[in-house]
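J.: For the sequence shown, the working numbering gives the first residue as 1, with consecutive numbering after it. We put the beta carbon where it would ideally sit given N, CA and C, even for glycine.
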Amino acid sequence: MSTEPIPFIDLQAQRDRLGSRIDEAIARVLEHGRFILGPEVAELEQRLSEYTGAPHVVSCANGTDALVLALRALGVRPGDEVVVPAFTFAATAEAVALAGAVPVFVDVQVETFNIDTDSVADALVERPAVVGAIAVDLFGLPADYPSLRRVLGGDRFLLADAAQSMGAGVGDARVGTLTDVTTTSFFPAKPLGCYGDGGAVLTTRSDVADVVRSLRVHGKGTEKYDNVRIGTNSRLDTVQAAVLLEKLAILEDEMKSREDVAERYHRLLADVAEVPRVPDGVRSAWAQYAVRHPERDVLRGILDRHGVPTAVYYPRPLHLQPAYTGFPRAAEHLPVSERLSQQVLSLPMHPYLTAEDQERIAEAVKRGR
Ligand SMILES: *Cc1c(COP(=O)(O)O)cnc(C)c1O
Numbered sequence: 001m002s003t004e005p006i007p008f009i010d011l012q013a014q015r016d017r018l019g020s021r022i023d024e025a026i027a028r029v030l031e032h033g034r035f036i037l038g039p040e041v042a043e044l045e046q047r048l049s050e051y052t053g054a055p056h057v058v059s060c061a062n063g064t065d066a067l068v069l070a071l072r073a074l075g076v077r078p079g080d081e082v083v084v085p086a087f088t089f090a091a092t093a094e095a096v097a098l099a100g101a102v103p104v105f106v107d108v109q110v111e112t113f114n115i116d117t118d119s120v121a122d123a124l125v126e127r128p129a130v131v132g133a134i135a136v137d138l139f140g141l142p143a144d145y146p147s148l149r150r151v152l153g154g155d156r157f158l159l160a161d162a163a164q165s166m167g168a169g170v171g172d173a174r175v176g177t178l179t180d181v182t183t184t185s186f187f188p189a190k191p192l193g194c195y196g197d198g199g200a201v202l203t204t205r206s207d208v209a210d211v212v213r214s215l216r217v218h219g220k221g222t223e224k225y226d227n228v229r230i231g232t233n234s235r236l237d238t239v240q241a242a243v244l245l246e247k248l249a250i251l252e253d254e255m256k257s258r259e260d261v262a263e264r265y266h267r268l269l270a271d272v273a274e275v276p277r278v279p280d281g282v283r284s285a286w287a288q289y290a291v292r293h294p295e296r297d298v299l300r301g302i303l304d305r306h307g308v309p310t311a312v313y314y315p316r317p318l319h320l321q322p323a324y325t326g327f328p329r330a331a332e333h334l335p336v337s338e339r340l341s342q343q344v345l346s347l348p349m350h351p352y353l354t355a356e357d358q359e360r361i362a363e364a365v366k367r368g369r
C-alpha cells in the first residue's frame, strides 16, 4: 500500500484536471481590465441561474456577506429574532447579529446534523419577535425545507445557508430553489470554490434580488451615484468569477465523483463507524464526509498516526461559544448539538480521492474501533 500523504481536500488535483483553462481565463481578465463587475461576473450569475434553476443570482464578496445581504433584503430589523441551528459554522449566527437582529439557537437532528423542525417549533413558543429562520445544508446535505416551511407558517422567512451544498438537491430541484432565498459561499474549500473569497444570493424573488444588487454597491439606485439606501461594498471580483466559470463547468461531473467516493466510504465503513445517511430522494454535495464515534479524539489520534488527515467541524456548538452564550435558545441544553460536537470526525473528502486511499483510510478507522 502507498504511504504518500493523503490530502484532506485536493485542490491541486482539480487544478491539474482543468489544465491551462484557469490560467487562460485569468489572462483574459488581465487583458480586458474590467476587474470590478466585469463581463465574467454577469456570465457567472447567468450560468449559476441555469445550473440551479434559481431565476435570480446576485454574486457578492463572500458567503457571510451573502447572508447579511439576504437578511437585510428580507427586511430584518434591529430587535427582530432569527432562528438558527447551534451546530453550524459561526457565520450563520454572526450574519444575524451583523444585520442587527438576535440569533435564537435551536438543536439539530442526530441523523442529518441539520436543523430540527421540532426544536424550531419549541423556539417559536412565546417568541413573537421571530421573523424567520436560517436552515444550513450542513456538510452538503439539504435541510428539510418542507417541514420547516410548515412550522414557520406563511409570514416568516426561511433562508437557506447553502455555503456547503452547491450542486446538491432534492428530487429534480437543485439547491438554490429549495426555498425562496438561498445564500452560498465560494471559499476555496467549498464544493464550488474560487481562489479567494466569493459568495452569492440565489432567489426566486425579484424584489429580493433587486435590493441585494443595490446593497452590494453602496445602496445604489438606478444610477451608480444615486444612493437610495445604506449599502456596503460587497462585489465578487471579476478574476474570481472567471475562475468559477471554469469550475462550474465541471461541477456536475465532480458531484458524481463525490457521490462515488461517499458510496465507497459507506461500503467500507458502515460496519465500523456511524456513517452519514442521506434521506431518499435527496442528493448531498458531500462537502464533508463526517462519521460519528464515541471516542472521537482517540480515533483521530490513530488516523493521524496512519497519515490520514481529519478535521473536526465543529468542536463547540455556537450557543456555547463565548461570543454567543448570551443569545436566546430553544432550551437550556441543545443535547444533539452538544453531543455531535464531541463525536463527529470529518474524513478526507474530494472528487479526486482514489479507491486505494479510501481503503487505507478505512483500514486506519478499523484500528480505532
Ligand atoms: C463557509 C460558510 C459560511 C461563510 O462563507 P464565507 O464565504 O467564508 O464567508 C457560512 N455558512 C456556512 C455554513 C459555511 O460553511
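Give me the Cα-Cα distance between H77 and R205, rounded to the nearest whole angstrom.
T.: Strictly speaking, residue 77 in this sequence is Arg, with His absent from that position. Near 19 Å, if we compare the C-alpha coordinates of R205 and R77.
J.: Once the 5 residues before and after A287 are set aside, which same chain residues still bring their CB inside 6 Å of it?
T.: F139, G140, Q164, P191
J.: Considering only the alpha carbon of each residue, which of G171, T238, A66, D144 lies closest to H32?
T.: T238
J.: Tell me whether A335 is buried or exposed, calling it buried when 16 or more other Cβ atoms sit within 10 Å of its Cβ.
T.: The sequence given here has Pro at residue 335, not Ala. Burial call: exposed.
J.: Please report the straight-line C-alpha distance between T179 and F113, rounded to a whole angstrom.
T.: 19 Å
J.: Hey, T232 and L215 are a contact pair by Cβ (cut 8 Å); roughly how many whole angstroms apart?
T.: 6 Å
J.: Can you look up S234 in the DSSP assignment and give me helix, strand or coil?
T.: coil
J.: Fully enclosed by the region 254 to 309, which beta strand (DSSP E) runs are 3 residues long or longer?
T.: 289 to 292
J.: Within this structure, are the beta carbons of V261 and P351 separated by less than 8 Å?
T.: yes
J.: Give me, in chain order, the residues of the same chain whose beta-carbon lies closer than 6 Å to that of T182; leave out the 5 immediate sequence neighbours on both sides.
T.: A160, A162, G176, L202
J.: Hey, is D161 close to ligand 1, as in C-beta under 7 Å from one of its heavy atoms?
T.: At least one heavy atom of ligand 1 is nearer than 7 Å to the Cβ of D161, so yes.
J.: Under 8 Å by Cβ, that's how I've got V86 and L318 pegged, so tell me the actual separation to the nearest angstrom.
T.: The sequence as given places Ala at residue 86; Val does not occur at that position. At roughly 5 Å, the Cβ-Cβ gap stays under 8 Å, so A86 and L318 are in contact.
J.: Would you check if there are 3 or more beta carbon pairs closer than 8 Å linking the region 17 to 28 to the region 142 to 149?
T.: Segments in contact, no.
J.: So, V208 versus R235, is the Cβ gap smaller than 8 Å?
T.: no
J.: For a test of the three-state rule: what should DSSP assign to D161, helix, strand or coil?
T.: strand
J.: Quick one: what does DSSP say G19 is sitting in, helix, strand or coil?
T.: coil
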